[in-house]
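The opening position of the sequence shown corresponds to residue 1 in UniProt numbering, with each subsequent residue numbered one higher. We put the CB at the ideal spot given by N, CA and C, even for glycine. Owing to the predicted nature of the structure, the values given are computational and were not obtained by experimental measurement. Okay, so here's the structure we're looking at.
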Amino acid sequence: MTDPIDYVIITKRSLVSSFEPLLKWKRMKGLYSKIITMEDIESDYEGDGIQLKLKNCLYKLYRNNGLQYVLLGGDDTVVPVRGCYGEVVAGNTPTKDLTIPTDLYYACFGKNFEWDGNNNGIYGETDDNINLYPDIYVTRLPVRLPEHVTAFVDKLICYEQGLHWNNNILMCGNKLNDDSTNPDIKNAEVRGDELYSNYIAPYWNGIRVKFYDTYTDFPTGADYELDADSLTHQMSLGYSFMDMITHGSQCWWILEKGWGYTINEGMTQNNCGSTIITTTACLTNAFDESDEGGPADPCLSESLIRNSSSGVVAYLGCSRQNWYHLTYISGSIDLKYESAFYKKLFSNSMEDKNFGKIAALAKSAMISSSSIYNAERWVQFGLNPIGDPEMPIYISAPKHFERIESMYSSGPVTIDVNHYEYNMCAMSADDDGASYYKVDYCGHEIPLTDLPVNSTISITSQGYIPDIYRVCLIQGETISDNKVYDCDIVKIADTLTSQKSFGPVVIKSGTTTINASDVIIDSITVEQGAELVINNKE
C-alpha cells in the first residue's frame, strides 16, 4: 500500500479554501486526509461520465490507500449525483422514478461497478447485478457557496470539541392521515413511542421529550400546538437528537397548524446546542434539482445545514418519497430504517459511533429485503446521510482525558494516557504537518524522540473530547534578543529531540518570554543582564 488516506473531501476548486479548516482539523485528529477537486477528477480519471470518473477515483484510493471516509462537498451542482431507478406499487398504481439521488453508488465496488449491468442507461435496476454493501462510508454536505461551507465546518468542529451537548432527544410529529378504522397506524405519537420503546430506551439513558399533535410533555399538554413557532422554539433549546415523523415536501415539514416548518424557519433557526436530525418525512432531503425532487434550492435539510446558527450538524432523511405501511406499524419501511439507525447508534454492537458508519450500517441491515422493486429498495437509494462521515457521535456527556503526566515530566516528550485506548497524532505546527506527521493507534506509552521543535499533539478516543496541545521544545539554542514562546507546553533541556542539534540553552541577552500552561525546565543558563519571564496561561 502507498501512503495511507483515511478521509477525502470531494469538491470544486472554488470551495477548497473554505474546506481547508476542516481538512486541518481532521489531520490534527490523526486522519490522513486530503481534498480532491472535481476538476482534477474530470481530467485525471477515465470513465463514461463524471459520476463514473468520481467512483473510479474513490475505488483507487480505497484499493491503494485504505480510504474509509468520503465527504461529497457540495450539492448536485458541485458534486454530481447518480440517479437510480426505483419502483413501488401502492394499490394498483406503480410509482416510478429514474432519478433517485443515490450516494450509496459511490460507496459500493462489488459486482457490477457501473450499476448498469444491462447497459440500458438506467442505473440501479434489479437486473443490473449491483452490490449494496458499502466498502467505504460516504456522506454529502449539500452546499454551494463558501459561506455555506464555513457555517457547517464551524458547527461541526464545535460539536466534535464537545460543546453544547445535552443528553436528550426531541421526538415529534403530526398525524399521517385520518383513518377512523385504525387510527393508531397514522398516529405519529404511537409510531414514535414504538421507535423509542424498542430501539432507543433499551440502550440509552437520555431524556425523551415528546412533542406530537396528540400529546406533548409541556405544561399545557396537547393544547401546546405543533406549529412553526412552537417547533422553532423547541429546536432552539439544544436537543442532541431530534426525530420528526410527519409528511413533508422539499421545502417543509407538515405540522398540526399553519404552513408547517419551512425553509424560511430553517434558514433563520437559532439553536443553543448541536442537533442530529432524523425524519420519516418525504422529500425534505431532495438536494438535487430534478422534476421528481423539485427545483427549489435550498431544500429543508440544506436550509438547516447551511445555517450557521441552526446547530444542525447531521440530517438523515429521504430525498424522495418515504413509505409507511397502511395496515401495521412494526413493518413500516420508514420506521425500519430509523429503528436500525438508532439501534446501531445506542447499542453496544459498535464501539465506533461515526455518523457515516452508523448510517451505512443501518441501511445495510435492510439489504436483504431490498433485492426486488419495493419500498425498502426505494428508500435504500433515497435515504442519503447529510453531514460529515467521520463525525464521532456523542451518545453520553463528552468525557475529558485525565492529565497526561508524562507530557509534563522531564526528558523527551512521552505520551501515556493511563488506561485509555486512544489515538495519538503528532504533527509539525509551522506547516500543518507537511514536514512531520505521525499517528499511533494504541493504548500504551508512546515516546516521541523525533518531535519537531514546534508541534501539535492530539489525543482522541470515542466519547472523549479531543485533547490538543501546542508544544515548543527548546534545546541547543543561544538566545541574544527578545523572544516570545506562546503555546501550551514548553520543555527546555539539552536533549529533547533528534530534529535539532543537542546542546544547552543559554539566554545571553534580552528578554525571553514564555506564555504556556506548563513549563518544564531540565537545564537552562540565564546570563547576567538577560531575563526569563514565564507567564502561566491558566
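Query	Result
Taking the alpha-carbon positions, what's the G476 to F502 distance?	5 Å
Tell me whether the region 398 to 414 and the region 429 to 441 touch, counting them as touching only if at least three CB pairs, one residue from each stretch, are closer than 8 Å.	no
Roughly how many angstroms lie between the CA atoms of R140 and A151, to the nearest whole one?	15 Å
Taking the straight line between their C-alpha atoms, what separation do you get for Y328 and Y212?	Legend: pLDDT at Y328 = 49, less than 50; position of this residue unreliable, value from coordinates given subsequently. So the two alpha carbons sit approximately 20 Å from each other.
What does the alpha-carbon distance come out to for the pair G463 and E421?	11 Å
Quick one: using the 10 Å Cβ neighbour count with 16 as the cut-off for buried, is V533 buried or exposed?	exposed
Short of 7 Å in beta carbon distance, which residues of its chain neighbour I36, apart from the five on each side in sequence? Order them along the chain.	V8, I10, C57
How long is the line joining the alpha carbons of I263 and F287, rounded to whole angstroms?	13 Å
Measuring CA to CA, which of K344, W259, S33, L61 is closest to Y45?	L61
Give the single residue among N120, Q68, S303, Y203 whose Cα lies nearest to the Cα of N347.	Per the sequence presented here, residue 347 reads as Ser, with Asn not at that position. Checking every option, the nearest Cα to that of S347 belongs to Y203.
Taking only runs of the beta strand (DSSP E) that begin and end inside the region 122 to 159, which ones reach a length of at least 3 residues, in chain order?	137 to 141
Can you have a look at A362 and say buried or exposed, based on whether 16 or more other CB atoms are within 10 angstroms of its CB?	buried
Have a look at I393 and I479 and give me their C-alpha separation to the nearest angstrom.	47 Å
Do N187 and H247 have their C-beta atoms closer together than 9 Å?	no
Let me know the alpha helix (DSSP H) ranges lying completely inside the region 173 to 221, each 4 residues or longer, listed in chain order.	183 to 186, 188 to 199
Rounded to whole angstroms, what is the Cα-Cα separation between E256 and E225?	7 Å
Which class does I21 belong to by DSSP, given the choice of helix, strand or coil?	The sequence given here has Pro at residue 21, not Ile. P21 falls in the helix class under three-state DSSP.
Quick check on this structure: which residue in Y485, V505, V484 has the alpha carbon closest to the alpha carbon of D494?	V505
Report yes or no: do three or more beta-carbon pairs, one from the region 423 to 433 and one from the region 364 to 376, lie closer than 8 Å?	no
Just reading off the beta strand (DSSP E) that N264 is part of, what are its end residues?	Premise fails: N264 lies in the alpha helix (DSSP H), 263 to 268, not in any beta strand (DSSP E).
Rounding to the nearest angstrom, what Cα-Cα distance links G529 and S308 in this structure?	52 Å
Who are the Cβ neighbours of E405 in its own chain at under 8 Å, not counting the five residues just before and after it?	D416
Tell me whether the beta-carbon of residue 553 lies closer than 9 Å to the beta-carbon of I169.	As shown, the chain starts at 1 and ends at 538. That puts residue 553 outside it, with no answer to give.
Following the continuous beta strand (DSSP E) through S458, name the residue where it begins and the one where it ends.	454 to 460
Are the beta-carbon atoms belonging to Y123 and T102 less than 9 Å from one another?	yes
Going by DSSP in three states, M350 sits in which element: helix, strand or coil?	coil
Going by DSSP, which residues form a beta bridge with residue 540?	Here the chain has residues from 1 to 538 only, and residue 540 is not among them.
Quick check: what's the CA-CA separation for S197 versus D229?	28 Å
Short of 8 Å in beta carbon distance, which residues of its chain neighbour W252, apart from the five on each side in sequence? Order them along the chain.	W259, G260, Y261, T262, I263, T284, L300
According to DSSP, simplified to helix, strand and coil, what is F381?	helix
Whole angstroms is fine: what's the gap from W323's alpha carbon to V81's?	22 Å
Where I446 and V471 are concerned, what is the direct C-alpha to C-alpha distance, given to the nearest angstrom?	16 Å
Just to confirm, is the Cβ distance from I245 to T280 under 9 Å?	yes
Would G192 and G311 be called neighbours here (beta carbons separated by less than 9 Å)?	no
Between F218, N167, G221, which lies nearest to A201 when the distance is taken from Cα to Cα?	N167
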